[in-house]
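In my numbering, each residue carries its 1-based index in the sequence shown increased by 5.
Just so you know, even glycine gets a beta-carbon here, dropped at the ideal spot from N, CA and C.
None of these values were measured; they are calculated from a predicted model.
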Amino acid sequence: MTKVKKIVSRCESCVNYVFDEDCECYCCMVDLDEDEAYRSMSDSEYSCPYYRLDDEYAVVRKQN
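Okay, here's the thing in structure tokens:
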């Protein structure tokens with residue numbers, strides 16, 4: 006039996022993690038419910054289902 010390694014998402018590299026000028030900090034723009042928010046903050050191996058890599062070059066590759 007092979008183990009499947011779970012990918013741990015990092016908020017800093019997610020497209021949903023943006024700078025909010027109102028509170029002058031970085032925030033997740035996904036509207037997590039209370040349970041998901043708690044899990045993401047307390048579990049070091051939490052894998053966010055909304056995580057999308059912020060790939061700046063994806064648009065360029067698509068244009069070429």
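Apart from the five residues just before and just after residue i, which ones in its own chain have a Cβ nearer than 6 Å to its Cβ?
{"i": "valine 35", "result": "Asn21 and Tyr55"}
What did DSSP end up calling residue i once you bin it into helix, strand or coil?
{"i": "cysteine 16", "result": "helix"}
{"i": "tyrosine 55", "result": "coil"}
{"i": "serine 27", "result": "The question names serine, but residue 27 is aspartate in the sequence shown. Correct three-state label for aspartate 27: coil."}
Beta carbon of residue i, beta carbon of residue j: below 9 Å?
{"i": "tyrosine 31", "j": "cysteine 53", "result": "no"}
{"i": "leucine 58", "j": "serine 45", "result": "no"}
{"i": "cysteine 1", "j": "cysteine 28", "result": "Residue 1 lies beyond the stretch modelled for the chain, which goes from 6 to 69, so this question has no answer here."}
Give the range of the beta strand (DSSP E) segment to which residue i is assigned.
{"i": "lysine 60", "result": "Note that residue 60 is aspartate in the sequence shown here, rather than lysine. No beta strand (DSSP E) contains aspartate 60, which DSSP labels as neither H nor E."}
Only counting the same chain, and skipping five residues up and downstream in sequence, which positions put a Cβ closer than 7 Å to that of residue i?
{"i": "phenylalanine 24", "result": "Tyr31"}
Need the endpoints of the alpha helix (DSSP H) that residue i sits in, please.
{"i": "glutamate 39", "result": "39-47"}
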